[in-house]
Ligand code: FEO
Ligand code: CA
Ligand code: CA
Ligand code: CA
């Protein structure tokens with residue numbers, strides 16, 4: 054007899070967390086801007102449209118409202134050459150006239166080994182390990198010898214929906230992420246195996262044959278999953294925080310999961326970000342009847358409930374590989390149990406897609422948090438390598454890493470990321486900003502204040518950033534660097550818990566449902582600089598609550614909410630992808646936005662135009678183009694996720710994407726081209 058657990062009241066888009074992010078764990082007393090500026094300063098509207106605009110005008114040397122003129126003066130061809138698509142709330146993909154869409158690489162497509170055929174929800178755990186994973190997210194196209202028609206596509210798989218993953222769940226009333234637990238409290242071994250194998254990263258070759266792109270069998274095709282052996286690299290390698298029964302030396306670990314977005318290094322490797330990993334672990338340690346967790350667990354939201362979110366530690370065979378998800382100390386020391394297993398997650402993981410035998414490396418120099426993704430500044434010979442990463446949870450921070458050594462084209466490799474300085478951002482109310490070093494002896498990070506050494510700081514990056522005095526943001530998601538100007542953009546997706554007392558110029562709305570995009574210039578145009586100047590690029594929202602770069606409301610063609618994916622194409626167009634959580638989409642204040650979408654912006658004029666809308670229940674996430682910019686790959690994640698439990702039980706799933714044959718919906722990659730073969734977006 055089986056049971057279905059329902060201990061989560063709402064659909065969630067990310068395991069265990071309401072509205073798609075982690076529970077707020079930031080209990081630090083860091084000031085929000087509101088504490089440091091005149092509390093009497095104007096109403097919120099005046100604050101946004103008056104005070105901030107004036108401050109920003111001073112910093113950028115131009116006034117809000119004057120940039121359209123600036124763009125016009127600059128002349129040249131308009132960047133956005135397509136007609137906007139309207140808001141859509143139907144179960145389909147819509148692109149502008151003159152564009153075509155092919156679906157490729159859906160969850161369950163075989164890419165290696167015995168090439169097991171897709172069987173809706175019915176493949177075994179072992180078969181899933183030879184197929185594309187679930188819930189596509191960050192993605193990159195690595196050209197083979199510079200080709201625009203042949204390359205390796207690398208795709209993250211952020212999490213799973215058990216309702217669709219396991220055919221046996223059909224007909225039961227259960228929430229999107231609920232898993233089956235047997236009456237004796239265990240979980241079926243093959244269910245757990247399948248779930249672990251549906252996570253991680255897929256690497257597979259794709260090639261254009263005629264007008265169609267096809268998956269090609271290749272020795273480089275690979276699945277990296279929650280089970281793959283990995284190395285710990287960087288300053289935390291060998292530290293006491295990394296010691297486990299599996300690796301008493303603290304140098305190795307198993308798997309990567311909750312891989313949200315990604316980054317591409319200057320030496321052409323892939324970094325998979327580990328975002329909402331904390332809920333995959335449970336630590337039931339108590340003191341005086343209350344949970345008693347070390348800060349490297351509590352500050353990240355490791356679960357204190359009966360079981361981890363998916364309950365992998367309850368696999369019926371009790372294998373070591375799954376028992377490790379229970380981080381409760383078992384007595385003895387850290388080399389005898391898995392109290393430190395959660396410390397081996399929360400990193401950026403380097404993967405070389407061209408070497409299928411290479412071991413992924415967790416680059417601990419980049420800090421441990423809920424990494425949404427990472428974006429590198431263009432590398433310059435002799436200068437440090439610089440990258441930026443957001444910590445996607447309410448009131449968390451934006452970080453940047455600056456390497457110690459200068460970049461040597463053709464020689465530098467991942468070791469560049471092992472020596473350097475991690476910084477965290479403070480956005481001042483006057484439009485200036487500072488990078489605060491998270492390094493021993495800096496910003497109060499001393500043994501007396503509880504930070505023993507660099508490894509301790511990096512493992513506890515959130516706590517270190519608290520002490521340093523970083524700015525608490527509205528859920529930092531993707532970053533992007535303008536290839537023309539070097540300006541850095543970050544999406545701040547939303548924050549429904551920010552109060553009126555907590556608003557500040559960069560996070561200017563309480564109960565922020567719509568999100569915003571911030572951009573900044575590093576001092577002197579040097580990405581390694583310690584100072585920057587910032588402004589808001591757009592406040593998202595409907596026609597009544599938004600603010601574009603001209604200070605005007607967004608329109609029917611440009612309005613959007615919950616910006617998440619963000620990417621500059623080689624021609625300087627900024628692509629914005631939205632992730633309205635499935636419990637909010639098509640309802641209330643988010644109803645006018647329709648289904649999640651992708652828009653394109655001109656970073657100079659600030660013009661924004663909707664380019665693509667997706668099917669029901671999904672988010673659009675992941676975007677990249679071939680080098681010639683004539684093929685674009687776009688990810689569709691979790692179609693059908695907004696299906697209510699009672700509808701699921703009755704077989705009424707609200708999306709049929711992409712098969713539309715009555716089987717379960719599945720994440721997939723869209724291949725977008727122009728009918729005339731032209732450059733995408735132009
Ligand atoms: Fe995985 Fe923050 O989106
Ligand atoms: Ca999401
Ligand atoms: Ca995301
Ligand atoms: Ca998101």
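Residue numbers (our numbering): 54 to 735.
No residue lacks a Cβ here, since even glycine has one placed at the ideal position from N, Cα and C.
Chain-order list of residues whose beta-carbon lies under 8 angstroms from that of residue 305 (same chain, five-residue window excluded): The residue given as residue 305 occupies position 252 in the chain shown. 282, 283, 284, 285, 299.
DSSP three-state assignment for residue 219, whether helix, strand or coil: Taking the chain shown and counting its residues from 1, the one referred to as residue 219 is at position 166. DSSP places residue 219 in the coil class of the three-state scheme, outside both helix and strand.
Test item: CB-CB of residue 524 and residue 562 under 9 angstroms: Counting from 1 along the chain shown, the entry for residue 524 is found at position 471. Counting from 1 along the chain shown, the entry for residue 562 is found at position 509. Not a contact, by the Cβ cut-off of 9 angstroms.
beta-carbon residue 527 near ligand 1 non-hydrogen atom, thresh 8 angstroms: Position 474 of the chain shown, counted from the first residue, corresponds to residue 527. Short note on residue 527: C-beta not closer than 8 angstroms to any heavy atom of ligand 1.
Same chain, Cβ closer than 8 angstroms to residue 704, five either side skipped, listed in chain order: Along the chain shown, read from residue 1 onward, the residue named residue 704 stands at position 651. Closer than 8 angstroms at the Cβ level, and outside the excluded window around residue 704, lie 223, 224.
Residue range of the unbroken alpha helix (DSSP H) whose run includes residue 510: If you number the chain shown from 1, residue 510 lands on position 457. Counting along the chain, the alpha helix (DSSP H) containing residue 510 begins and ends at 507-512.
Where the alpha helix (DSSP H) through residue 348 begins and ends: As a first step, residue 348 must be located in the chain shown, where it is residue number 295. Counting along the chain, the alpha helix (DSSP H) containing residue 348 begins and ends at 348-351.
Residue 210 beta carbon near ligand 2 (any heavy atom closer than 8 angstroms): What you label residue 210 is simply residue 157 of the chain shown in a count that begins at 1. False, no ligand heavy atom lies under 8 angstroms from that Cβ.
Meets three-Cβ-pair contact criterion under 8 angstroms: the stretch 424-444 and the stretch 321-330: These segments touch.
Straight-line Cα distance separating residue 402 from residue 583: Counting from one through the chain shown, the residue named residue 583 turns up at place 530. Counting from one through the chain shown, the residue named residue 402 turns up at place 349. Distance between the alpha carbons of residue 583 and residue 402 is about 26 angstroms.
Backbone secondary structure at residue 280 - three-state DSSP: Locating residue 280 in the chain shown gives position 227, where the first residue counts as 1. Judged by DSSP in its simplified three-state form, residue 280 adopts coil rather than helix or strand.
Neighbourhood of residue 637 by C-beta, 6 angstroms cutoff - its chain only, sequence neighbours within 5 removed: Numbered from 1 along the chain shown, position 584 holds the residue referred to as residue 637. 643.
Residue ranges of each beta strand (DSSP E) within the stretch 655-715, 3 or longer: Secondary structure within the stretch 655-715: the beta strand (DSSP E) runs of 3 or more consecutive residues, fully enclosed, are 661-666, 672-678, 684-690 (chain order).
Residue nearest to residue 689 in terms of C-alpha spacing, selected from 682, 667, 515: To locate residue 689, count along the chain shown from 1; it is residue 636. When each option's Cα is compared against that of residue 689, the closest is 667.
Terminal residues of the beta strand (DSSP E) in which residue 490 lies: Against the chain shown, residue 490 aligns to sequence position 437. Element bounds for residue 490: 485-490.
Collapsed DSSP secondary structure at residue 645 in the structure displayed: What you label residue 645 is simply residue 592 of the chain shown in a count that begins at 1. Note: residue 645 maps to helix in three-state DSSP.
Backbone CA spacing between residue 297 and residue 381 [nearest angstrom]: Translated into the one-based positions of the chain shown, residue 297 becomes position 244. Translated into the one-based positions of the chain shown, residue 381 becomes position 328. Straight-line Cα distance between these residues: approximately 12 angstroms.
Residues near residue 606 by beta carbon distance below 6 angstroms, same chain, minus five either side: One-based indexing of the chain shown puts residue 606 at position 553. Answer for residue 606: 596, 599, listed in chain order.
Neighbourhood of residue 125 by C-beta, 6 angstroms cutoff - its chain only, sequence neighbours within 5 removed: Taking the first residue of the chain shown as 1, we reach residue 125 at position 72. Residue confidence is low: residue 125 scores 38 on pLDDT, short of 50, so the model does not pin down where it sits. No coordinate-derived value is stated.
Which residues DSSP lists as bridging residue 188, in chain order: The residue you call residue 188 lines up with position 135 of the chain shown. Per DSSP, none; premise fails for residue 188.
Neighbourhood of residue 734 by C-beta, 6 angstroms cutoff - its chain only, sequence neighbours within 5 removed: The residue given as residue 734 occupies position 681 in the chain shown. The answer, listed in chain order, is 626, 653.
Three-way DSSP call (helix, strand, coil) for residue 115 in this model: As a first step, residue 115 is located in the chain shown; it is residue number 62 there, counting from the start. At residue 115, the pLDDT of 34 sits below 50, so the modelled position is not reliable; the number obtained from the coordinates is stated separately. Residue 115 falls in the coil class under three-state DSSP.
Boundaries of the alpha helix (DSSP H) in which residue 569 is found, first to last residue: In the chain shown, the residue the question calls residue 569 occupies position 516. No alpha helix (DSSP H) holds residue 569; the beta strand (DSSP E) holding it covers 569-575.
Beta-carbon separation (whole angstroms), residue 194 vs residue 679, contact threshold 8 angstroms: Here the question's residue 194 lines up with position 141 in the chain shown. Here the question's residue 679 lines up with position 626 in the chain shown. That pair is a contact at about 6 angstroms.
Residue 634: CB within 8 angstroms of a non-hydrogen atom of ligand 2: Here residue 634 is taken as the residue at index 581 of the chain shown, counted from 1. Result yes, Cβ under 8 angstroms from ligand 2.
Closest Cα partner of residue 389 within the set 293, 693, 221, 168: Taking the chain shown and counting its residues from 1, one reaches residue 389 at position 336. Closest option to residue 389, Cα to Cα, is 293.
Residue 617: CB within 8 angstroms of a non-hydrogen atom of ligand 4: Indexing the chain shown from 1 puts residue 617 at position 564. Checking every heavy atom of ligand 4 against the Cβ of residue 617, one is found closer than 8 angstroms.
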